[in-house]
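Take a look at the structure set out below.
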Amino acid sequence: MQHPRNEDEHGLVEKAQRALVAIHLGQDEDALDQIAPTNAPQAGGAEETLGLMLLLFSECSAMVATLGDGGNAPVKVQVFDEEGEEVSIDQADPPVRTAVRTLLAEVHGNTEAAQEQVEIALASAAPEEVDSLVLQALRWTARLSVECLERGLPVADWINEALSD
């Protein structure tokens with residue numbers, strides 16, 4: 003539940019906070035605008051998006067571990083289609099598959115695999131798929147933090163600040 007360690011991370015946290023507020027208010031487009039890279043993609047924008055995604059998935063992983071009592075109580079990840087039917091991860095849309103695999107890698111302590119998943123998505127996915135992945139990470143961060151807070155469990159200070167209006 004630490005605060006950012008450096009200037010770059012501080013900027014990512016501020017962007018993530020603004021995007022979480024927008025997601026919490028149901029404003030997906032505003033959330034995407036809030037996390038749009040400060041730099042052009044060729045000048046580090048993709049790096050910024052990668053950093054933001056890894057920050058969000060890392061926090062999601064920490065909250066999943068907290069909700070799962072440090073691994074003593076399993077937390078189930080479910081994937082649903084447009085009709086609300088549960089589907090296997092392999093049947094999910096590519097951004098959802100990437101999000102689930104990234105989260106699972108983080109939960110299992112494999113940050114390198116999580117980073118690979120996001121890097122592949124950023125390099126090869128269509129812009130709308132990247133947007134979908136970002137929105138998924140923001141929604142999970144918001145939902146998991148609300149669940150943790152309702153149960154009196156710890157949430158990162160910066161997330162708590164963003165969602166405690």
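In this text, residue positions in the sequence shown follow the numbering used here: the first is 3, and each later residue adds one.
Don't be surprised by glycine CBs; every beta carbon is placed ideally from N, CA and C.
Because the structure is a prediction, the values reported are computed rather than measured.
Alpha carbon of residue 77 to alpha carbon of residue 142, nearest angstrom: 13 angstroms
Residue 122, buried or exposed, once every other Cβ within 10 Å from all chains shown has been counted against 16: exposed
Buried or exposed by the 16-neighbour rule on C-beta atoms within 10 Å, applied to residue 97: buried
Three-state class that DSSP yields for residue 77 in the structure shown: coil
C-alpha gap between residue 59 and residue 52, whole angstroms: 11 angstroms
Continuous alpha helix (DSSP H) stretch holding residue 153: start and end: No alpha helix (DSSP H) holds residue 153; DSSP gives it neither H nor E.
Whole-angstrom distance between residue 105 and residue 70, CA atom to CA atom: 14 angstroms
Buried/exposed call for residue 57, threshold 16 Cβ in 10 Å: buried
Within the segment 93-149, ranges of the alpha helix (DSSP H) (whole runs, at least 4 residues): 96-109 and 113-126
Beta-carbon proximity list for residue 134, same chain, < 6 angstroms, skipping 5 on both sides: 97
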